[in-house]
Structures are given as C-alpha cells and as structure tokens.
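2 protein chains.
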Amino acid sequence: MPTDIEIAQAATLQKILPLASRRLDIPEDSLSPYGHFKAKLSLDEVKRLSGRPDGHLILVTAISPTPPGEGKTTTTVGLGDGLNHIGKQAMICLREPSLGPCFGMKGGAAGGGRAQVVPMEDINLHFTGDFHAIGLANNLLAALIDNHIHHGNALQLDVRRITWRRVVDMNDRSLRDINVALGGPGNGYPRQDGFDIVVASEVMAIVCLATSLADLKRRLGNIVVGYTSQKQPVTARDLKADGAMAALLKDALAPNLVQTLEGNLAFVHGGPFANIAHGCNSLIATQTALKLADYVVTEAGFGADLGAEKFIDIKCRKGGLKPACAVLVATVRALKYHGGADPKKPGSDSLEALEHGLENLRRHVENIQSHYGLPVIVSINRFDKDQPDEIALIDGFCAELGVACVLATHWADGGAGAADLARAVVEACEQGAAKAAGLYADADSLADKIRSVASKIYKAAEVVFEPKAQAQMLEWQAAGHGGFPVCIAKTQYSFSTNPMLRGAPSGHTLHVRELRLNAGAEFVVAICGDIMTMPGLPKLPSAERIDVDDGGRISGLF
Amino acid sequence: MPTDIEIAQAATLQKILPLASRRLDIPEDSLSPYGHFKAKLSLDEVKRLSGRPDGHLILVTAISPTPPGEGKTTTTVGLGDGLNHIGKQAMICLREPSLGPCFGMKGGAAGGGRAQVVPMEDINLHFTGDFHAIGLANNLLAALIDNHIHHGNALQLDVRRITWRRVVDMNDRSLRDINVALGGPGNGYPRQDGFDIVVASEVMAIVCLATSLADLKRRLGNIVVGYTSQKQPVTARDLKADGAMAALLKDALAPNLVQTLEGNLAFVHGGPFANIAHGCNSLIATQTALKLADYVVTEAGFGADLGAEKFIDIKCRKGGLKPACAVLVATVRALKYHGGADPKKPGSDSLEALEHGLENLRRHVENIQSHYGLPVIVSINRFDKDQPDEIALIDGFCAELGVACVLATHWADGGAGAADLARAVVEACEQGAAKAAGLYADADSLADKIRSVASKIYKAAEVVFEPKAQAQMLEWQAAGHGGFPVCIAKTQYSFSTNPMLRGAPSGHTLHVRELRLNAGAEFVVAICGDIMTMPGLPKLPSAERIDVDDGGRISGLF
Numbered sequence: 302m303p304t305d306i307e308i309a310q311a312a313t314l315q316k317i318l319p320l321a322s323r324r325l326d327i328p329e330d331s332l333s334p335y336g337h338f339k340a341k342l343s344l345d346e347v348k349r350l351s352g353r354p355d356g357h358l359i360l361v362t363a364i365s366p367t368p369p370g371e372g373k374t375t376t377t378v379g380l381g382d383g384l385n386h387i388g389k390q391a392m393i394c395l396r397e398p399s400l401g402p403c404f405g406m407k408g409g410a411a412g413g414g415r416a417q418v419v420p421m422e423d424i425n426l427h428f429t430g431d432f433h434a435i436g437l438a439n440n441l442l443a444a445l446i447d448n449h450i451h452h453g454n455a456l457q458l459d460v461r462r463i464t465w466r467r468v469v470d471m472n473d474r475s476l477r478d479i480n481v482a483l484g485g486p487g488n489g490y491p492r493q494d495g496f497d498i499v500v501a502s503e504v505m506a507i508v509c510l511a512t513s514l515a516d517l518k519r520r521l522g523n524i525v526v527g528y529t530s531q532k533q534p535v536t537a538r539d540l541k542a543d544g545a546m547a548a549l550l551k552d553a554l555a556p557n558l559v560q561t562l563e564g565n566l567a568f569v570h571g572g573p574f575a576n577i578a579h580g581c582n583s584l585i586a587t588q589t590a591l592k593l594a595d596y597v598v599t600e601a602g603f604g605a606d607l608g609a610e611k612f613i614d615i616k617c618r619k620g621g622l623k624p625a626c627a628v629l630v631a632t633v634r635a636l637k638y639h640g641g642a643d644p645k646k647p648g649s650d651s652l653e654a655l656e657h658g659l660e661n662l663r664r665h666v667e668n669i670q671s672h673y674g675l676p677v678i679v680s681i682n683r684f685d686k687d688q689p690d691e692i693a694l695i696d697g698f699c700a701e702l703g704v705a706c707v708l709a710t711h712w713a714d715g716g717a718g719a720a721d722l723a724r725a726v727v728e729a730c731e732q733g734a735a736k737a738a739g740l741y742a743d744a745d746s747l748a749d750k751i752r753s754v755a756s757k758i759y760k761a762a763e764v765v766f767e768p769k770a771q772a773q774m775l776e777w778q779a780a781g782h783g784g785f786p787v788c789i790a791k792t793q794y795s796f797s798t799n800p801m802l803r804g805a806p807s808g809h810t811l812h813v814r815e816l817r818l819n820a821g822a823e824f825v826v827a828i829c830g831d832i833m834t835m836p837g838l839p840k841l842p843s844a845e846r847i848d849v850d851d852g853g854r855i856s857g858l859f
Numbered sequence: 302m303p304t305d306i307e308i309a310q311a312a313t314l315q316k317i318l319p320l321a322s323r324r325l326d327i328p329e330d331s332l333s334p335y336g337h338f339k340a341k342l343s344l345d346e347v348k349r350l351s352g353r354p355d356g357h358l359i360l361v362t363a364i365s366p367t368p369p370g371e372g373k374t375t376t377t378v379g380l381g382d383g384l385n386h387i388g389k390q391a392m393i394c395l396r397e398p399s400l401g402p403c404f405g406m407k408g409g410a411a412g413g414g415r416a417q418v419v420p421m422e423d424i425n426l427h428f429t430g431d432f433h434a435i436g437l438a439n440n441l442l443a444a445l446i447d448n449h450i451h452h453g454n455a456l457q458l459d460v461r462r463i464t465w466r467r468v469v470d471m472n473d474r475s476l477r478d479i480n481v482a483l484g485g486p487g488n489g490y491p492r493q494d495g496f497d498i499v500v501a502s503e504v505m506a507i508v509c510l511a512t513s514l515a516d517l518k519r520r521l522g523n524i525v526v527g528y529t530s531q532k533q534p535v536t537a538r539d540l541k542a543d544g545a546m547a548a549l550l551k552d553a554l555a556p557n558l559v560q561t562l563e564g565n566l567a568f569v570h571g572g573p574f575a576n577i578a579h580g581c582n583s584l585i586a587t588q589t590a591l592k593l594a595d596y597v598v599t600e601a602g603f604g605a606d607l608g609a610e611k612f613i614d615i616k617c618r619k620g621g622l623k624p625a626c627a628v629l630v631a632t633v634r635a636l637k638y639h640g641g642a643d644p645k646k647p648g649s650d651s652l653e654a655l656e657h658g659l660e661n662l663r664r665h666v667e668n669i670q671s672h673y674g675l676p677v678i679v680s681i682n683r684f685d686k687d688q689p690d691e692i693a694l695i696d697g698f699c700a701e702l703g704v705a706c707v708l709a710t711h712w713a714d715g716g717a718g719a720a721d722l723a724r725a726v727v728e729a730c731e732q733g734a735a736k737a738a739g740l741y742a743d744a745d746s747l748a749d750k751i752r753s754v755a756s757k758i759y760k761a762a763e764v765v766f767e768p769k770a771q772a773q774m775l776e777w778q779a780a781g782h783g784g785f786p787v788c789i790a791k792t793q794y795s796f797s798t799n800p801m802l803r804g805a806p807s808g809h810t811l812h813v814r815e816l817r818l819n820a821g822a823e824f825v826v827a828i829c830g831d832i833m834t835m836p837g838l839p840k841l842p843s844a845e846r847i848d849v850d851d852g853g854r855i856s857g858l859f
C-alpha cells in the first residue's frame, strides 16, 4: 500500500468550481477559488441557503485514542464516500488540520489511505489561511492591550490581571510561560504572559460558533481580555479591537470546500482541538452542509468523552442542531491498549487484552446512548494485521450490548469499504430514535455543569476546584456568565485526567486547575489535570522528515 | 475626492485569469487563483519564460520621506498605468504590504487615489498568505531550536548564543525583548529572546532573493541560528529544518498577480522594509516581469539612501539586473519639512522652507547619478494644496541640476496624469545612458562596505562600530562571509541616524550598534542608531478605525 501522500498525489482531482456547480448546484460566482481545487463558499450564499430544510446529521466519534489516533477523520471521509457509493447524497464536514501535530507527532488530518480529502498537502499546510487569520486577530488584540497600557492605560488595566494570551500555530513549549516588555520603558510595562497554540484560542472557538459576520463581531467585542485593579472586566470592544479583528476574519468565516479522493464534496472548516478546546468544525459549515445534502457526516475530536460531549453540550446546544445518530470508531489496537497491552512488550497485545479493553468501548457506547441520547453504530476501522478472532470478539461484545457493529475497510477500499457502515447509518437515521439533549440545563451553576460531565461521562467520584477556580466561578456567576456551557480541557487518553489510567476507570477525582472565561465564544473552559494549551514537539519531530523537491512536490507529510 | 478604499471598492475588476491570458498570453493553468482577482504564477511558468529577452527596468525611489510617505507606490502604479496609457506594454512590481503599518500609523501600501492595485483590502490584509508562510517558517525554525536543546542538545547549542529570533506580522513593542521557557523543566531551558516584525525576517529576504525552489532550500539550510559554546555556527540544515521550511514556503515563492484600477497587470510579491531590511519586491517577480513586458516599473522602499542603495547593491548585484533609469518622487510637503517647516507651526511651511528643503532632493539626485549610475527623472507627486510658485521653484531647481522634472497627477487622474512622466521615462530608457554599478566591490571588507555607503551616500564623517560588531565582522570575514553585501538598518527620515536631522546633513557619525549575519539571504545587516526591528503601535492605532459591515464590506483602511 502506498503512503497517504503518495495516494493523494496520484489522484486526478476535478476542478472544484464546476464540481460544486454540478454536484450541489452552487453558482460558480458564489465560490471564491484558492487554487483550482479549494474554494470558499460566500457568506451571501450561506444566507441564501438558510431557508432550506435540513438533511440528517451523523456524528463520528471514537473510543479513547492512542497517540496516532484511531481513524476518526478517515472514517468520516469513508462514510461520506460510502453514503454516496450506495446512492445517497452526502456531504462531509471536517476540522482543518493544525500545524502543531503536522510538524510534531500525530501528522496531518486529512484522512488516510483511500479515504482522504484532497489536495492533502494544501489542507495540511496553509490551506485557505483561516488559522493564520485567527492567529493574527488574536495577536492584534494582544498588541492592542500592551499598546494601550504603554500609552497611558486609560482603561486602567491591571498588568497582573491580563488574561488574554498570544498564539502561534506551532508546538512550541518554550512560549508557554514568558516575560514580555523587558528592556526598558520604550518596550512597555513588563508582565508575565504566554502563548497558546492557535487551535486553543477563543478566536478559533468564536469563528467555529458564529452564525454570521454580525454575530462574529458581537462575540469578538465581548471577549474579556483582563481586569482593572478594581477587578472590573475590560473587553475587546473597550479597546476598539473588534472591528479590525472582524475585518481580519471576514474570509475565515466562509466555509472551505474540497473534494474526497472519490470526488464527493467536503467542508473543511475551523479546527479547535477537542482536548483543550471544543473540538468541532464550524457551525456555519455544518448548518450549510445540512441545507445542501441529505446526509451530513461530521466529526468531533478525540474520544466521545471529549469531542462528542462538547458537540452535544456546546455546538448542538448553541446551533440548534439535531444529530440523528453517532458512529463510534474503534480499533483493535486501541482496545488492546486499553486492556493493558504495551507496545514495548511483545505478546502483551493478546485476545485477553482486547477483551479487557472492550470496557472502554462499553463506557463510550453507554454514554452516547444514555447521556447524549443518540443511537450508536460501532465502526471497526480495520488495520491489516487485525485477526478474524479479534474482530469476532468485538462483534460479539457489541451484539451483547445491543448495538450494531460494522467492519469498515474504507482505508484500503474507499467508499465501497464503508458501504455496510453507510447502510447501517441510513437505517439509524430513518428510525429517527435520536433524542439528543445536553447533559445539563443552562440554568445549572458552572460548578454543577462541570460536576455533571465529570460524574456522568468520566465517572469521576468528585471534582476538586482550586481555590482560585472556585472564586472565579462565583465571580462569573455574579457577572451573568453562569448560563454558559462548560468546555473541559483534559487529556484525551483516559476518562480521567491521568493519561495512564486506561480502559474505563471510575471513582477518580477531576482536578480543576484553572478556569478561563470565553465571554465571546460563550463558554467557560475548565483546565483539568496536567493538560496544556501549548503542546511541545517530540524528540524526533515530523518536521525533520518533511521536504519539497525542486519541482514543488512535497514529501514526508502523513 | 473619495477615499482610497472607496475608489477601490467602486471599481469594476476584471477576472484575473482571462485578463492575464489576454494581456500577457499566460495560459490559465499556469495561474493559481486566490479568489477571482488575485493569482499566483506557477514556478514552472517562471522557468519556461526565463529564456526570453528582458524589457526595460525602471526604479521608483524617493527623497527622504515624512511619516505618511511621499507616494512612491502610488507613483509606481501611476507610471505603470501611464506607460500603458501612452501605448507601451508595461508591468508593475510592488512589495506586499505589512500588517504592521496597516494597523499602525502609515496605513496600507497598495497605492492611492486613482493609482492603486486592487483588490485593495485583500492586498493590504492577508493577500495570498505569503507573509503568514514566511512567519511560520521562521517560527518553525525557532521551535525546532528550543526543542533540540530541550531534548538533549546533541548539537551543543549555547543558549546564550542563539541569534535566531521569532517573528509576528504586527507592531508589538512588548515582544522586542522577552524571556522564554520559564515555568520549570517541562518548558525547556530559559533564555533571552525577542520577536521581530515579519518584514525584518531573514526568511523574507531569502524568499525575495531566491531564484528557484532549489535555491530557496539551499539558502534556508545556510541560515545560522546560533553558536555552540565553542563558537561554531549551527545552521538550519544541522537542525533538519530546511525541508519543512521550504515546503511551507513553496507557494510563497510564486509571484502574485493583480491588476491596477486601469486593468494593467502588477506583480505584488515579497515585502521587506527598506529601513530594517533590503526593501525590494522579490527578484523572481522582477525577473519574470522583465520577460513579460517591455517596461517594468518597480519600487524600493523609503528614500533613495535606503531602498535604492539596497536595490543596487543587493538586488541588482545578486540578480544581474540592469536598471535603465530612476524616478525620484518628491512632494512639496516633504521638501518643506526638510527645509524646517513644522506641521505644528502655521506659516512655517513657506517658500523659503521649500527652497532650503531642496538640498535633500539635490543629495538624492547626485547620489543616484554618481553612485548608482542611473539617469534620474524627478517626479513631483502633486497634492491638492500645492501652489504654482512652489512647483515652479522645484522645476527651476531641477533645471539647474540638469535633471528632468515632471509634475505627475496620477493620484487624481490615473495613468493619464502620469503620461508626461511615462514619456520622460521612455526617453531615458531609449537613451541607454545607465551604467549601474554597486558602491563597492564584493572583495571589500564588510567594514569598508559599510564605510562606502556611509561616506558616499549618507555623507557621514565616520563610522563607529561597537566592539561586539567589530569582533563579529572579523569572525565572519574569517569564516568566509566577507564577500556578502551589507544591508544597513537605519531611520528613513534622515541621511544620518538621527531622524531629527533633516535636509542634507553631512559630517555626522554612523554608529553601528549590532550586526546580524544573514548567511542564507547572503548579506550582513548593520543595525545603526536607534532603529528597531520590531516597531510599536502609536497611541491611536489605525486598527481602531478599521471595521467590516454585516455584508463583508471593510472600511477604515487607507
């Protein structure tokens, strides 16, 4: 089997404007091309489509992953191709890849094998520039804050209480904790600061949740950047930053259209990580896709404890989305890992390990059914080395649980390999059994919301708040932000905050280290355990293998 | 007169692919569209064109400017339109605007009035993403440096001797001098660091001087990022960063094609500042334009002491370009300022001030003739309030100097307003009197090169090197970098390093504070006086006025 990039580069792509015109009846002037194979759909067209009825929305989520991921994006693409393969009209909604994992450990995020969106290199590198625009809007606000303080600080911002951080789309641990404005009076007032990765920025969340340019600007203006010495919040609007930020983000808000290797259409738009942010592609892309197609397949990042929970409690709640069912991606590799297999110990990846690991699958299935209110289909993303008895074991376990289980081979076979999965999904959509509802009511306190997620989804025994977090919650509750949903930042490797606690742990403690008010995105982030909003590069970063030849052909992306 | 952005938004643009096909015979598949009105010319097409003969190259430069600038870009666009207006086939080569001045004080850089390149907002904001790619490539290298040290530092980089800085495309003084990697062992080894603005990055210079992807990668690999404790240089190639950096920059190297308000074609590509960097658009764009048009008008930033000197000594020297003549842009406003007029003192902008200020013009004219070897045409960029006796005074002064002087009204009248200028330029090109040569020989020492520029162009009495700068020069000389040209970073407001010293000062001292080796760009930067490679925002930044309405129309850009 050739590599992902080799498959992608060997593909013959169709020009995106005529393809969109033919397949979705989108006028070519409603699309702004970025090269011949990528385009942005105009916000005017988005508005024009809004009166149409919605198609079925299918969420692709996963069991708790291993570091390389279990193929959620690949399954989303495969299922979209599979639905088209069996004669349905389907679109795909994905997140845009971040350069952090691309240069770091995990690699790109445009699917894999024969289930990819293309042009793969473009999507994984700069794409249409959305992340650059988001980073710059974030950093413009940061520059305006320090500039305001430097030039007299009329708003009386307290340099000890600036909460807005700078960002870069890079894994760069040395920027987590920095001192800025050193070197004398000409350089401003020294203070402690730090960079997050772009995907953790509140601006990313705002772009992913805004429903129009007006809504985008309103949310940007609401961003709280810090506090005065009297502890009064100061907003981006107070700094007159919202207009310029919105101007920088005007094109970033328009959904990006690309194609799969099989010529089916996909929006790839917005890309918050699901461990440190809300983990779903843009609401505007999903809403628009629902107007354009009968079936829309979307993903939510990492395991169903993270992305899927935020999909339900943030994206669907805010956007009025009604998902029809969920596909839970599982791999033999990850299940064995949850059952105690150790990649370094040969033989430890036994059938017994697999059996134990199925508890992780059970927990996710039950959560999706009971707490997210969605019918589940388990999709085994097949790897070459998987054995028939391993597949049979998962199959039998799902039968006992009473959920459908499908073996999907889209990685090797494209849409045809996900035809069974597509048929199972169509059946679930047609049964209409979904009763999606959030885990908590808007009126619950912020603390109770965090406790709801912790007890229902993570099966934690208790939630411990740092005193500072406790004080913040009371303050924000009093300031009228209590109605916001919560966005929990924690490791993706475990239901707990300890990445080593695999399987289906219960009785653990959720330690809430720090809270961040996202008054523009309209949720509160709870940073739990050791999770960091700026990752680091590994000892052998993928960047070292990436290259481009004299003719412009890129290699080493995966 | 409506504002620049109102004029630009009222214009009816032609789709760029058919326009380029019709006007320049470029096949549509050789262009990659970015929206309907911007495109990148493929590097394959650049190579295919390279065998053709060259057109005439015209440099637009200026007297020492006031802060808002004297209309060099506007004149470049006007002259390009003017040449087409009088029936010549002409192209324009400009630099891409930086977001620093756009959000700061000076505003955008796409021309003005009826002499603009469009779409103005796109060009001034993200354009085709080149600056984002350059910033990211720069910061990837920075992340790889700190990551290498964190993971064992096999190359034995000395954290006290890292010379590579991070960048952002923003005026952000608080990032000039920072401490990074604080917060404990997980965040790396603490060290002193700083951010420059993207336009000062060596990566920007490399993109602007590289002649192919292979040359780009070679230069990126040669970047010296710092030194070991034994003072041995460590390069980007040693860190295996060059391949990924080149992959990030592959599209940024392809020239961007747009149109003027009159439908003439312009490359807008690369954008180093002329005060802190080498100040010219990309060599690849200029070389390609010379193959496509009979006349190519290009600009070099700020006054002729800065951009034009670097154009001759760096860009032409490296790229084998043979400019035919120079247009020196002057304004009544700036000449009065050089003669002592004070914007805050009514009546100080007298005819007498103008007369005194003409010494600045004389110095630039003489420098261009004697030291750059080019015929000069003085172009007065007319402002509405200019008086006939003021224009007559300049005219008479130029007659005495023996140089052509043309009143140009392209700002108000478009190409027709630059028809006289165009005719004067054609005449100069046809006379073929240019004997462009660098100020110094490659074999001169770095110190002598700096002294040449200081004595010949700035009329400085002496050059004082900080002891550290002195030591660096000897070291680089010994390491074989002595053959590089020098790129002097100094204020644009004076021939000296003191921005208050207007007119045509002589006998001053050039104080060389710091040197930076750009082993990839293949020049040495000499930082003189108080100039900083990261500007700051003013008290009332332009960003506060920029806005976008619900329909996506941007306002407040100028």
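Line by line, the protein sequences are chains A and B. Just so you know, we're using our numbering here: the first sequence kicks off at 302 and counts up by one. Just so you know, we're using our numbering here: the second sequence kicks off at 302 and counts up by one. Each residue gets a CB set at the ideal place from its N, CA and C atoms; glycine is no exception.
Limits of the unbroken alpha helix (DSSP H) element including S753/A: Position 452 of the first sequence, counting from 1, holds the residue named residue 753/A. Per DSSP, S753/A belongs to the alpha helix (DSSP H) from 747-753.
Euclidean distance between Cα positions of V630/B and Q588/B: Working through the second sequence from its first residue, we reach residue 630/B at position 329. Working through the second sequence from its first residue, we reach residue 588/B at position 287. Take the alpha-carbon of V630/B and the one of Q588/B: they are about 24 Å apart.
Whole-Å CB distance - V597/B paired with I317/B, under 8 Å assumed: One-based indexing of the second sequence puts residue 597/B at position 296. One-based indexing of the second sequence puts residue 317/B at position 16. Contact between V597/B and I317/B is ruled out by a C-beta separation of about 19 Å, above the 8 Å threshold.
Contact residues within the stretch 779-805 of chain A, judged by C-beta distance below 8 Å to chain B: For the stretch 779-805 of chain A, the set of positions with a beta-carbon nearer than 8 Å to some beta-carbon of chain B is empty.
Beta-carbon spacing of A627/A, A609/A below 8 Å: Position 326 of the first sequence, counted from the first residue, corresponds to residue 627/A. Position 308 of the first sequence, counted from the first residue, corresponds to residue 609/A. In this structure, A627/A sits near A609/A, with a CB-CB distance shorter than 8 Å.
H639/B versus L747/B - alpha carbon distance: Here the question's residue 639/B lines up with position 338 in the second sequence. Here the question's residue 747/B lines up with position 446 in the second sequence. If I take the Cα positions, the gap works out to 31 Å.
Within the stretch 748-811 of chain B, ranges of the beta strand (DSSP E) (whole runs, at least 3 residues): Within the stretch 748-811 of chain B, complete beta strand (DSSP E) segments of at least 3 residues are found at 761-766, 787-790, given in chain order.
Within-8 Å CB hit, M505/B to chain A: Position 204 of the second sequence, counting from 1, holds the residue named residue 505/B. For M505/B, the closest Cβ of chain A is not nearer than 8 Å.
Residue environment, M302/A, which counts as buried when at least 16 other CB atoms sit within 10 Å: Position 1 of the first sequence, counting from 1, holds the residue named residue 302/A. It is exposed - the Cβ of M302/A has fewer than 16 other Cβ atoms within 10 Å.
Test item: CB-CB of F404/A and S843/A under 8 Å: Counted from its first residue, the first sequence places residue 404/A at position 103. Counted from its first residue, the first sequence places residue 843/A at position 542. Their beta carbons are under 8 Å apart, which means F404/A touches S843/A by this criterion.
Opening and closing residue of the beta strand (DSSP E) in which A827/B lies: Numbered from its first residue, the second sequence carries residue 827/B at position 526. It spans 824-829 - the beta strand (DSSP E) in which A827/B sits, taken as one unbroken run.
Exposed unless 16 or more other CB atoms sit within 10 angstroms - verdict on D497/A: As a position in the first sequence, residue 497/A is number 196, starting the count at 1. Buried, since its Cβ has 16 or more Cβ neighbours within 10 Å.
Short CB-CB distance (under 8 Å) between L570/B and chain A: Here residue 570/B refers to the residue found at position 269 of the second sequence. Here residue 570/B is His; the residue named in the question, Leu, does not match the sequence. It does not; no Cβ of chain A falls within 8 Å.
Cβ-Cβ separation, L550/A to I435/A (assumed contact under 8 Å), whole Å: The residue given as residue 435/A occupies position 134 in the first sequence. The residue given as residue 550/A occupies position 249 in the first sequence. With a Cβ gap of about 7 Å, I435/A and L550/A count as contacting.
Residue-level contact to chain A via CB, Y528/B, 8 Å cutoff: Position 227 of the second sequence, counted from the start, is the residue given in the question as residue 528/B. Output row for Y528/B: interface = no.
Segment limits, beta strand (DSSP E) that includes G658/A: As a first step, residue 658/A must be located in the first sequence, where it is residue number 357. No beta strand (DSSP E) contains G658/A, which is instead part of the alpha helix (DSSP H) from 652-667.
8 Å Cβ cutoff, D478/A in contact with chain B: Sequence index remark: in the first sequence, residue 478/A carries index 177 (1-based). Interface residue, yes.
DSSP-derived helix/strand/coil call for T710/A: If you number the first sequence from 1, residue 710/A lands on position 409. Look at T710/A here: in three-state DSSP terms it is coil, with no helix or strand label.
Contact set between N440/B and chain A, taken where Cβ atoms lie within less than 8 Å: By 1-based counting over the second sequence, the position of residue 440/B is 139. Going along chain A in sequence order, the residues near N440/B (Cβ under 8 Å) are V469, M471, D473.
Residue-chain proximity (G336/B, chain A), Cβ-Cβ < 8 Å: Numbered from 1 along the second sequence, position 35 holds the residue referred to as residue 336/B. With 8 Å as the cut-off, G336/B counts as an interface residue toward chain A.
Close-in-space but distant-in-sequence residues of the same chain around G784/B (CB under 6 Å, 5 per side omitted): For the purposes of this step, residue 784/B is taken as the residue at position 483 of the second sequence. Setting aside the 5 residues that flank it on each side, G784/B is surrounded in the same chain by D743, each with a C-beta closer than 6 Å to its C-beta; the list follows chain order.
7 Å Cβ cut-off: residues of chain A touching T404/B: The residue labelled residue 404/B in the question sits at position 103 within the second sequence. Strictly speaking, residue 404/B in this sequence is Phe, with Thr absent from that position. Here the neighbours are L441, A545.
Cβ pair T900/B, G412/B closer than 8 Å: Only positions 302 to 859 of chain B appear in this structure, which leaves residue 900/B out of reach.
Contact between the stretch 475-483 of chain A and the stretch 784-803 of chain A (3+ Cβ pairs under 8 Å): With a cut-off of 8 Å, the stretch 784-803 of chain A and the stretch 475-483 of chain A do not count as touching, because too few Cβ pairs lie within range.
H809/B beta carbon less than 8 Å from that of A762/B: For the purposes of this step, residue 762/B is taken as residue 461 along the second sequence, with counting starting at 1. For the purposes of this step, residue 809/B is taken as residue 508 along the second sequence, with counting starting at 1. Cβ distance < 8 Å, so A762/B and H809/B count as in contact.
Span separating the alpha-carbon of S381/A from that of E307/A: Numbered from its first residue, the first sequence carries residue 381/A at position 80. Numbered from its first residue, the first sequence carries residue 307/A at position 6. Reading the sequence as shown, one finds Gly at residue 381/A and not Ser. Looking at the two C-alpha atoms, the distance is approximately 22 Å.
Length of the line joining the Cα atoms of H579/B and K611/B: Along the second sequence, read from residue 1 onward, the residue named residue 579/B stands at position 278. Along the second sequence, read from residue 1 onward, the residue named residue 611/B stands at position 310. Their Cα atoms are separated by approximately 6 Å.
The stretch 465-472 of chain A / the stretch 435-446 of chain A touching (three or more Cβ pairs under 8 Å): They touch, by the three-pair rule.
Residue environment, L521/A, which counts as buried when at least 16 other CB atoms sit within 10 Å: One-based indexing of the first sequence puts residue 521/A at position 220. Here L521/A is buried. Its C-beta has 16 or more other C-beta atoms within 10 Å.
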